[in-house]
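Residue numbers (my numbering): 69 to 321.
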């Protein structure tokens with residue numbers, strides 16, 4: 069039987085439960101990311117797409133820059149507002165692919181794979197174009213994203229769709245699993261983070277569409293931007309065939 073995607077509401081992935089624990093495990097590259105973004109922003113201002121709980125926006129604002137944001141999830145915005153300095157940021161709730169703000173920015177950025185939360189190519193193209201509209205003439209767009217693994221940890225093909233199961237944590241208090249199905253034709257992944265413990269079972273759904281660096285470059289070209297530089301991380305690591313992620317900087321052609 070052919071596999072069909074179930075209806076998916078992206079706001080379900082970043083509700084109150086996710087927002088409450090989103091910052092529990094820092095990625096460890098926040099300091100390097102903020103330093104790099106501040107260097108690119110100059111005097112600002114800065115716009116972050118999918119600003120989330122302010123993991124990068126708040127320390128970036130602490131450098132003296134004005135930082136605005138767009139965020140789809142009300143729960144994530146509420147979490148941001150509860151943090152020191154969070155109430156001082158201008159954050160608009162809405163779709164980062166379509167919301168247009170009146171100001172123009174020296175730096176627009178989208179971090180930590182958030183572009184892939186838009187689950188069709190059309191939405192991703194629209195988002196890059198929207199980011200470009202918000203740039204000043206000398207502004208830059210920065211995208212941090214994973215470099216897709218062609219095999220994606222796949223185990224078995226079923227109904228024409230690949231699938232995988234990954235045990236992300238096993239301990240005396242329970243088991244954490246990531247279960248997903250991947251459609252190569254659409255580049256879409258539907259997955260769920262499961263926690264099984266003595267207190268029961270919890271599940272967090274998520275849908276993504278992976279985007280190749282070369283595909284992102286074409287999206288930027290459609291928006292009148294060109295790749296200026298690409299690194300393997302926020303600290304300026306070289307980007308090569310072994311890089312697991314990239315930080316790409318785009319400017320007007």
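Glycine included, every Cβ here is placed at the ideal spot set by N, Cα and C.
Here the region 200-208 makes no contact with the region 92-101; the two share fewer than three CB pairs at distances below 8 Å.
With contacts defined by Cβ atoms closer than 9 Å, residue 313 and residue 215 form a contacting pair. With respect to residue 108, residue 317 sits close: the two C-beta atoms are nearer than 9 Å. Residue 99 is not a Cβ neighbour of residue 123, given a cutoff of 9 Å. The three-state secondary structure of residue 321, taken from DSSP, is coil.
The Cβ atoms of residue 171 and residue 157 lie no closer than 9 Å to each other. Sixteen is the threshold: since fewer than 16 other Cβ atoms of the shown chains lie within 10 Å of the Cβ of residue 252, the residue is exposed. Shortest Cα-Cα distance from residue 180 to any of 289, 309, 96 and 290 involves 96. Secondary structure at residue 281: helix, using DSSP grouped into helix, strand and coil. Put simply, the backbone Cα of residue 262 is about 24 Å away from that of residue 145.
The beta-bridge partner set that DSSP reports for residue 139 consists of 161. The region 260-274 makes no contact with the region 287-295, as fewer than three CB pairs between them are under 8 Å. Residue 174 sits away from residue 241, with the two beta carbons spaced by 9 Å or more. Per DSSP, the continuous beta strand (DSSP E) segment holding residue 231 begins and ends at 229-239. By the neighbour-count definition (other C-beta atoms within 10 Å, threshold 16), residue 166 is an exposed residue. Annotated as proximal: residue 192 and residue 287, with beta-carbon spacing under 9 Å. When rounded, the separation of the alpha-carbon atoms in residue 301 and residue 284 is 17 Å.
Within 10 angstroms of the beta-carbon of residue 121 lie 16 or more other beta-carbons, which makes it buried. Uninterrupted alpha helix (DSSP H) stretches at least 4 residues long and entirely within the region 188-218 occur at 189-201, given in chain order.
C-alpha of residue 118 to C-alpha of residue 141: approximately 9 Å in a straight line.
For the set 236, 303 and 255, the Cα lying nearest the Cα of residue 105 is the one of 303.
The C-alpha of residue 315 is placed about 22 Å away from the C-alpha of residue 190.
In this chain, residue 104 is not harboured by any beta strand (DSSP E); it is covered by the alpha helix (DSSP H) spanning 98-109. Taking a 10 Å sphere around the C-beta of residue 258, we find 16 or more other C-beta atoms and assign the residue as buried.
Assignment of residue 149 by DSSP, reduced to helix, strand and coil, places it in the helix class. For residue 125, the uninterrupted alpha helix (DSSP H) run begins and ends at 125-129, by DSSP.
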